[in-house]
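Participant:
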């Protein structure tokens, strides 16, 4: 059972690294290199920890947490399109 109090306590309330190790679905991580909310190192760690055979990490230079499309919309769309259309073994 989850309690609202858990969100007020320090610690990792999103145990993504633990969970991703059980997930073998395709994974595309697109992360702003200048993200001040979630460090880009977290995105790289998720990518590295994933057991998926079809995974890709794309860093967007200069982008923060919510401005990926503003700064690099065409690149982001092309990255997603290529990932979906070209599945790797």
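Residue numbers (the working numbering): 172 to 260. Ideal Cβ positions, reconstructed from N, Cα and C, are used throughout, including at glycine. Please read all numbers here as calculations on a predicted model, not as lab measurements.
#1: Report all residues from its chain with a CB closer than 7 Å to the CB of residue 217; omit the five preceding and five following residues, and keep chain order.
#2: Please state the DSSP three-state secondary structure of residue 178.
#3: Taking the runs of the beta strand (DSSP E) that are 3 residues or longer, which of them lie wholly in the region 172 to 247?
#4: I believe residue 232 touches residue 204 by the beta-carbon criterion, under 8 Å. Please report the beta-carbon distance rounded to the nearest angstrom.
#5: How many whole angstroms separate the CB atoms of residue 202 and residue 230, which I take to be in contact at a CB cut-off of 8 Å?
Facilitator: Let's see:
#1: Taking the first residue of the chain shown as position 1, residue 217 is located at position 46. Taken in chain order, the residues that qualify are 187, 188, 191, 200.
#2: Position 7 of the chain shown holds residue 178. Caution applies to residue 178, whose pLDDT of 48 falls short of 50 and renders its modelled position unreliable; the model cannot decide the point.
#3: Runs of beta strand (DSSP E) with 3 or more residues, each lying fully within the region 172 to 247, are found at 198 to 203, 226 to 231, listed in chain order.
#4: Here residue 232 refers to the residue found at position 61 when the chain shown is read from its first residue. Here residue 204 refers to the residue found at position 33 when the chain shown is read from its first residue. Confirmed, Cβ separation roughly 5 Å.
#5: Here residue 202 refers to the residue found at position 31 when the chain shown is read from its first residue. Here residue 230 refers to the residue found at position 59 when the chain shown is read from its first residue. Indeed they touch by this definition, with Cβ atoms about 6 Å apart.
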